[in-house]
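Encoded as structure tokens, the structure appears first; notes follow it.
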Amino acid sequence: MAAKKRSIYRKEVFDALTARHGDVLLTRPTSFSVISLFLVVVAGLLLTYAIVTQFTQTRDLPGAMVIEQGEVKARALEASLVEQVLVQEGQQVTQGQPLLKVTVPSRRYDSDSLAKMQSAIEEKIDSAERRLGFQRRLNQLQADALANEEQTLIEQQRQLQAQIQLEQEFLEHLTSMAKQAKTGEQGQYDRLYTQVLEKRIHIHGLNQDSQQLTLKIGSIEQRLQSAVIKGEEMLTGYRQQLGQLQLDLAKLTGDQSYMITAPRGGVVARLGVTKGQFLQSGDAAVTLMPEAAKLVAELKVRSDLVRHIEAEQPVWLKIDAFPYQRFGLFEGKVTKVSHSVVEPEAFANAQGPQVPMYRAIVELHQPQDSKLGPITLQSGMSLQAMVKGGTQSIWSWMVAPQTEQ
């Protein structure tokens with residue numbers, strides 16, 4: 001006879017509660033083990049979701065709008081007074097076109113001395129113009145030579161990477177054959193294993209060659225930038241000499257004024273003077289945007305983010321002058337990423353940490369005028385670029401150091 005299960009409640013308690021409240025329903029609380037099991041299952045599901053689910057981070061990079069070919073400035077040759085402003089902002093000008101008429105003190109000479117000095121100065125002007133043209137051709141030849149050398153190295157690196165890929169596939173094939181031959185004839189296994197070792201050494205040497213090519217490409221880019229800067233300095237010096245000679249010629253002929261002309265053809269970007277303003281020697285009077293120049297976005301990229309930036313990558317820009325909440329984002333694509341770091345003073349945007357960074361150039365798609373008004377981008381506008389970073393799981397993001405996020 002089975003023993004009757006003992007109730008944990010006394011009968012007198014039931015009778016008293018029934019007499020006081022009527023029918024009484026007693027329930028047992030849920031077992032703690034069931035709650036613990038439920039919590040463990042939920043935690044396991046959350047952990048699985050965090051490990052399996054991946055997302056792509058978006059990084060914000062500081063930058064500024066710049067002119068791709070750089071601005072050109074027309075400067076005063078000596079202390080002078082602006083007599084007449086001949087252009088206005090946004091106007092198209094050609095090389096040599098007068099921009100400003102300025103007044104300078106005049107000096108007069110007798111006719112014989114004047115003729116001799118005028119002839120000598122005209123000869124110097126012809127010589128300066130020839131040197132200026134020669135320097136332009138020399139600059140172009142140097143730039144073309146360095147660009148061709150860079151393209152040759154890039155093509156060599158591409159071919160080397162393809163060779164490394166083929167050698168890696170062949171190494172995997174040899175490794176597989178060596179594993180199969182391990183249980184067979186010892187001599188065949190030794191030969192295959194020797195080939196595997198030789199192939200690994202060969203691939204290591206190819207990787208070192210690829211790294212050397214990368215360093216050479218970076219060095220050529222620096223040389224190209226240096227050559228461009230040096231060439232422009234030479235051209236500027238010749239232009240100043242030519243302008244000074246023309247000024248001397250104007251003084252000799254008794255003309256108290258001379259023209260500040262456009263060093264290159266382009267569009268007047270900034271007009272920094274007004275009629276009657278006094279200019280010191282070397283003051284920038286007019287800033288020109290060269291012909292066929294276009295605005296691009298120059299981004300400052302930290303060294304830990306440069307691996308996420310590559311050519312043809314889409315980028316979305318938030319330009320401070322056009323709040324994205326009202327005008328939306330500007331779309332573009334990366335056209336170039338520097339292979340070496342750039343000093344802070346070389347950037348157009350001085351904001352952010354003053355440490356060497358990589359430079360990325362973004363070409364913008366043609367912005368459409370919005371309902372709020374026309375959109376006109378200008379050089380110097382600050383911006384923030386949104387670029388896609390690496391893809392990672394939620395779990396790896398949670399456990400990664402804060403500095404890597």
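Residue 1 is where the sequence shown starts when you use full-length UniProt numbering, and the numbers rise one by one after that. We put the beta carbon where it would ideally sit given N, CA and C, even for glycine.
So what does DSSP say about K182, is it helix, strand or coil?
Residue 182 sits at position 182 when you count from the first residue of the sequence shown. Secondary structure of K182 (DSSP, three-state): coil.
C-alpha distance - V387 paired with A360, whole-angstrom precision:
As a working note, residue 387 is residue 387 in the sequence shown. As a working note, residue 360 is residue 360 in the sequence shown. Linking V387 to A360 through their CA atoms gives a straight-line distance of about 11 angstroms.
Buried or exposed for Q212, going by 16 or more other Cβ atoms inside 10 Å?
Stepping through the sequence shown from its first residue, residue 212 is reached at position 212. When all chains shown are included, Q212 counts as exposed.
Confirm, please, whether the CB-CB distance from V296 to V334 is below 7 angstroms.
As a working note, residue 334 is residue 334 in the sequence shown. As a working note, residue 296 is residue 296 in the sequence shown. No.
Could you have a look at D126 and say whether DSSP puts it in helix, strand or coil?
Mapped onto the sequence shown, residue 126 falls at position 126. DSSP places D126 in helix when its eight states are reduced to three.
Across which residues does DSSP place L288 in a beta bridge pair?
Counted from its first residue, the sequence shown places residue 288 at position 288. Paired residues: V72, V268.
So for G63, helix, strand or coil by DSSP?
The residue labelled residue 63 in the question sits at position 63 within the sequence shown. Here DSSP, grouped into helix, strand and coil, assigns G63 to strand.
Could you check whether M65 and M381 sit closer than 7 angstroms to each other, using their CB atoms as the reference points?
By 1-based counting over the sequence shown, the position of residue 381 is 381. By 1-based counting over the sequence shown, the position of residue 65 is 65. Judged by their CB atoms, M381 and M65 are nearer to each other than the 7 angstroms cut-off.
Can you tell me whether S80 is helix, strand or coil according to DSSP?
Against the sequence shown, residue 80 aligns to sequence position 80. DSSP places S80 in strand when its eight states are reduced to three.
DSSP beta-bridge partners of A297
The residue labelled residue 297 in the question sits at position 297 within the sequence shown. According to DSSP, A297 bridges with M65, V362.
Take Q92 and list the residues in its own chain whose beta-carbon comes closer than 7 angstroms to its own, dropping the five residues that flank it on each side.
In the sequence shown, counting from the first residue as 1, residue 92 sits at position 92. Closer than 7 angstroms at the Cβ level, and outside the excluded window around Q92, lie V267.
In this structure, how does DSSP classify S382 when only helix, strand and coil are distinguished?
Taking the first residue of the sequence shown as 1, we reach residue 382 at position 382. Assignment of S382 by DSSP, reduced to helix, strand and coil, places it in the strand class.
Inter-residue CB distance, Q82 and Q313 (contact presumed, cutoff 8 angstroms):
For the purposes of this step, residue 82 is taken as residue 82 along the sequence shown, with counting starting at 1. For the purposes of this step, residue 313 is taken as residue 313 along the sequence shown, with counting starting at 1. As written in the sequence, residue 82 is Val, which differs from the Gln given in the question. Actually they are not in contact, since the Cβ atoms of V82 and Q313 sit about 47 angstroms apart, beyond 8 angstroms.
What would DSSP say about E169, mapped onto helix, strand or coil?
The residue you call residue 169 lines up with position 169 of the sequence shown. Correct three-state label for E169: helix.
Inspect the beta-carbon positions of T152 and G265 and report whether they are closer than 7 angstroms.
Translated into the one-based positions of the sequence shown, residue 152 becomes position 152. Translated into the one-based positions of the sequence shown, residue 265 becomes position 265. Contact flag unset, no.
Any chance the CB of A19 is under 6 angstroms from a heavy atom of the ligand MG?
Because no ligand of any kind appears in the structure shown, any question about the ligand MG cannot be addressed here.
Between the alpha carbons of R108 and R131, how many angstroms are there, rounded?
For this step, residue 108 is matched to residue 108 along the sequence shown. For this step, residue 131 is matched to residue 131 along the sequence shown. Any reading at R108 must be qualified, since the residue scores a pLDDT of 48, below 50, and its modelled position is unreliable; no value is offered.
Distance between beta carbons of T287 and S73, contact taken as under 8 angstroms
Mapped onto the sequence shown, residue 73 falls at position 73. Mapped onto the sequence shown, residue 287 falls at position 287. The question names Ser, but residue 73 is Lys in the sequence shown. So it is a contact: roughly 5 angstroms between Cβ atoms.
State yes or no: is the C-beta of V196 within less than 7 angstroms of the C-beta of T175?
If you number the sequence shown from 1, residue 196 lands on position 196. If you number the sequence shown from 1, residue 175 lands on position 175. The answer is yes: Cβ separation under 7 angstroms.
Whether A79 touches Q142 by CB criterion (7 angstroms):
In the sequence shown, residue 79 corresponds to position 79, counting from 1. In the sequence shown, residue 142 corresponds to position 142, counting from 1. In terms of Cβ geometry, A79 and Q142 do not form a close pair [threshold 7 angstroms].
C-alpha gap between Q241 and D126, whole angstroms
Here residue 241 refers to the residue found at position 241 when the sequence shown is read from its first residue. Here residue 126 refers to the residue found at position 126 when the sequence shown is read from its first residue. Their backbone Cα atoms lie some 11 angstroms apart in a straight line.
Identified DSSP bridge partners for Y258
Your numbering for residue 258 matches position 258 in the sequence shown. In DSSP, Y258 forms a bridge with V102.
Sort R20, R75, E298, E150 by Cα distance to V273 and report the nearest one.
As a first step, residue 273 is located in the sequence shown; it is residue number 273 there, counting from the start. Comparing alpha-carbon positions, the option among R20, R75, E298, E150 lying closest to V273 turns out to be R75.
Applying the criterion that 16 or more other CB atoms from any shown protein chain within 10 Å of the CB defines a buried residue, is V34 buried or exposed?
If you number the sequence shown from 1, residue 34 lands on position 34. Exposed, by the Cβ-count rule.
Specify whether the stretch 199 to 208 and the stretch 166 to 174 touch according to this definition: at least 3 beta carbon pairs, one from each stretch, less than 8 angstroms apart.
Verdict: yes, contact present.
Taking T48 as part of the alpha helix (DSSP H), name the residues at either end of that continuous run.
Taking the first residue of the sequence shown as position 1, residue 48 is located at position 48. That run of the alpha helix (DSSP H) goes 32 to 52.
Counting only beta-carbon separations shorter than 7 angstroms, does F330 have a partner in chain B?
Looking at the structure shown, chain B is missing, and only one protein chain is on hand.
Could you please give the first and the last residue of the uninterrupted beta strand (DSSP E) stretch that includes F322?
In the sequence shown, the residue the question calls residue 322 occupies position 322. Counting along the chain, no beta strand (DSSP E) covers F322, and no H or E run does either.
C-alpha distance - T18 paired with V42, whole-angstrom precision
Here the question's residue 18 lines up with position 18 in the sequence shown. Here the question's residue 42 lines up with position 42 in the sequence shown. Rounded to the nearest angstrom, the two C-alpha atoms are 41 angstroms apart.
Keeping to the same chain, check which residues put their C-beta closer than 8 angstroms to that of M234; ignore five residues upstream and five downstream.
Residue 234 sits at position 234 when you count from the first residue of the sequence shown. Taken in chain order, the residues that qualify are Q135, N139.
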